[in-house]
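Numbering (UniProt numbering), first residue to last: 1 to 943. Ideal Cβ placement from N, Cα and C applies to all residues, glycine included. Keep in mind the model is a prediction, meaning the values are calculated, not measured.
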């Protein structure tokens, strides 16, 4: 029995000896899992043609990269015992495990741990010098271990091996080094440990990138690479392409791979060479190329392979010819996506637009590069990768002209002086120079680019955060170079200071990523966490101010109605606010972006796994629609809020309110107006990008959907009304019409469509209703026989609006997964011991009892029905009541919050359309914050 997909060695060996192949299929939809039912199917289907003798297991998988769980291995052993099969365990990638939560378990150890009768089974395991983290493919060294083999059989095997040529001395020496590596205390141990860690970390980074990058390509799907050295993406090909390939007597995926090779020089292996499930097509690629070259292979829609993939997948009559873009304005590349590659391996990433600030540091090999994806970050990264140098920190790009005097080589600290040549210098610009732009109204911080080449009449430059479309050459654009009076003038739309050359006599070379241990520790940085403190405005003259909000604005007027016109809160006689430094701001930003992606990965895992999805207690009738929403509406998301706790050292997440907009108005608008009213001395407020990014996100979303009217569907709740009125203001600023529907009283059926009382068809909804409420409404309507009657003039039910196939909903249905607290144990199992997660389990473990824990219903809102237990679970520290009593529970480790002037502070960090956009703080004297806990102004001091 051999897996499909499989390593061709096994099918070739079976063919050589005339043995019969029993193929069992790995489950691609469940990350290439090994399914015991499939093993039973495969063996039963072939018993009339052969006598099954053995089973091959490749773990971690080649070419599929999956890693088997301990439970899976135990089941395979039981299966083999049941059918009297010899186990051949191909474990050559046992040290290559990358995905958090995955772990390698050897078949031999598992076999022995199971005890009798399983520990008496026959098996063989294999390892190799050409695989694993060492990957010495030319060494041709390896070993096998025979377990529980009859001594006479073992003797015959030894005879066969003795008759063969042995491995070369080099291969034997390699195996000796692998089996007996340097031990702690020996002279070479520290270097061995560092080099091994560097190699494994690079492979892990590439494994994490692989599925993300391939999944960004239209028509390509790739499971997470759990281990080994390969990705095995699936490619979807139109019928015309398949037929065209067959007309040339080619397997479709082989045709695809040859097209890719001929048009780009990129070589991948057709999946058909490894066998695959009929009707599917794949290719295999390794994780061995440098990260930058891996990225070069992907990102089709907006990046470099557009001219390759689109022609292959196009179904037009000229589908093998390049497709030219006819738009006058090239499409902008989204934030964090590759725009192009300079100097063979330095990627330029899109900042999305010129006024977005990611609030996220970027480090490469532990060295601070700058903020994603600003122009200075690109310049520092280019210098590091192409010259092994960095320059000292500078405030802004324009400051480089006056402040930079030298660069330093990171491997030995040697300094190289810089030469400055003003624009109009008699010295011709040279490639690998830095081009510095002056400050102006359009470039308030200036700009920096890298001169990649100098050709007659032009220089070619590469840059970030200046243009936002993709570029396919090794430069972003050409800039005119004019010679006048024997001087050289670079003519661009913005004023230039000049160019900076490194005086190195061609000594500097690209950074060798195989020798990262040579980088001096002085250049590596640890990310500072930052500080948070509670302050008060001491001037009591502000206490009487009551005209600080605009009563002409519906949202601000409603806020006054709810909370009064005074600056001072009802629960205090002071004007409190919080102050955070730039380091904590950056920590919150980077943590939010990282956790958002982790929650998305966990959501993907849940959506694809029935067993896990069942734990979310969502009626199964809704599962198909949730999966459809995840597939088609993944980008149809506006807002979500993390609840973070900070104790001065650690930043931990309590939960992700992925389907909530509560407190958005207070954090985006109110705290800024409050700060202006009290004349707070600050750089900016913590919600500084929220309002602007909401406007831009609505514009992009409605443009993509071709919708010009949004209906806001809410319950008759004060908080929801306040948030909805603010969202109407946002939509107005985005030039999008909207209508507020409270309890859908102004919506009606007409000819099977839902219209409002002004005759506008409902096509796009922004809602505050919980999806769980929608589910309950659907089940009740189904029970009463009142579902989808669609009677003209009658009001639709909630479920008929939100589950309507003709209506798009924000937040989409799939958000019922990350907003459900059942995601927390799933996340912990996928990313155990992650520094920003708290232990979360389905049951109260001994670890939780010892540390103290929090009991939460998997579905809830506003901190309802939460109980906090102290260490050992002896007493209740705090608890809340509410309507979510009869719900399944999860248990999360207690995190001790510090008190600030008697208050506990919770950071609410906002994700807008997939990216961090700002945060705010709720505080309370209770340990559990709720809807009544006041949002308190938070300012940022930036130095």
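Asked	Found
Those runs of the alpha helix (DSSP H) which lie wholly inside the segment 36-83 and span at least 4 residues	36-46, 70-82
Presumed contact (8 angstroms Cβ cut-off) between residue 226 and residue 98, rounded CB distance	7 angstroms
Ordered list of beta strand (DSSP E) runs contained in the segment 115-141, each at least 3 residues	123-128
Alpha carbon of residue 932 to alpha carbon of residue 523, nearest angstrom	47 angstroms
The segment 450-464 contacting the segment 509-518, beta-carbon criterion three pairs below 8 angstroms	no
Span of the beta strand (DSSP E) around residue 405	Residue 405 -> no beta strand (DSSP E), and no H or E assigned at all.
Cβ-Cβ separation, residue 508 to residue 375 (assumed contact under 8 angstroms), whole Å	Not a contact, Cβ separation roughly 21 angstroms.
Element boundaries [beta strand (DSSP E), containing residue 957]	Nothing can be reported for residue 957, as the shown portion of the chain is limited to 1 through 943.
Proximity of residue 664 and residue 690 at Cβ, strictly below 9 angstroms	yes
Residue of 47, 58, 837 minimising C-alpha distance to residue 595	837
N- and C-terminal bounds of the beta strand (DSSP E) containing residue 286	283-286
Beta-ladder partner(s) of residue 342, from DSSP	346
Coil, strand or helix - residue 642 by DSSP	strand
Burial state of residue 347, where buried means 16 or more other Cβ atoms lie within 10 Å	buried
Residues near residue 565 by beta carbon distance below 6 angstroms, same chain, minus five either side	546
Neighbour-count burial assignment, residue 585, 16 or more Cβ in a 10 Å radius	buried
Residues that DSSP places opposite residue 89 in a beta bridge	57, 125
Cβ neighbours of residue 257 in the same chain (closer than 6 angstroms, five flanking residues each side left out)	268, 270, 283
Residue 349 burial status per 10 Å Cβ neighbour count (16 or more: buried)	buried
Simplified DSSP assignment, three categories, for residue 359	coil
For residue 134 and residue 77, believed in contact at Cβ under 8 angstroms, the rounded distance	No, residue 77 and residue 134 are not in contact; Cβ-Cβ is about 29 angstroms, not under 8 angstroms.
Own chain partners of residue 881 with C-beta closer than 8 angstroms, once the 5 adjacent residues on each side are dropped	864, 865
Distance, residue 769 Cα to residue 777 Cα	12 angstroms
Touch test, the segment 390-408 against the segment 474-490, Cβ-Cβ under 8 angstroms, three pairs minimum	no
Residue 148 to residue 120 span [Cα, whole Å]	6 angstroms
Residue range of the unbroken beta strand (DSSP E) whose run includes residue 945	Residue 945 cannot be examined here, being either before or after the span of the chain that is shown, 1 to 943.
Sheet register partners of residue 422 (DSSP bridge)	498
Which residues DSSP lists as bridging residue 267, in chain order	The partner list for residue 267 (beta bridge, DSSP) is empty, contrary to what the question assumes.
Minimum C-alpha distance to residue 410 - residue among 468, 685, 395, 368	368
Residue 893 versus 597, 884, 868, residue with shortest Cα-Cα distance	868
Alpha carbon of residue 945 to alpha carbon of residue 592, nearest angstrom	In this structure the chain extends from 1 to 943, so residue 945 is not present and cannot be described.
Every unbroken alpha helix (DSSP H) within the segment 706-768, with a cutoff of 4 residues, ordered by chain	718-733
Continuous alpha helix (DSSP H) stretch holding residue 589: start and end	582-607
Per DSSP, the bridge partner or partners of residue 337	Looking at the DSSP assignment, residue 337 forms no beta bridge with any residue, so it has no partner.
One or two residues paired with residue 867 in a DSSP bridge	855, 879
Residue 722 versus residue 559 - alpha carbon distance	7 angstroms
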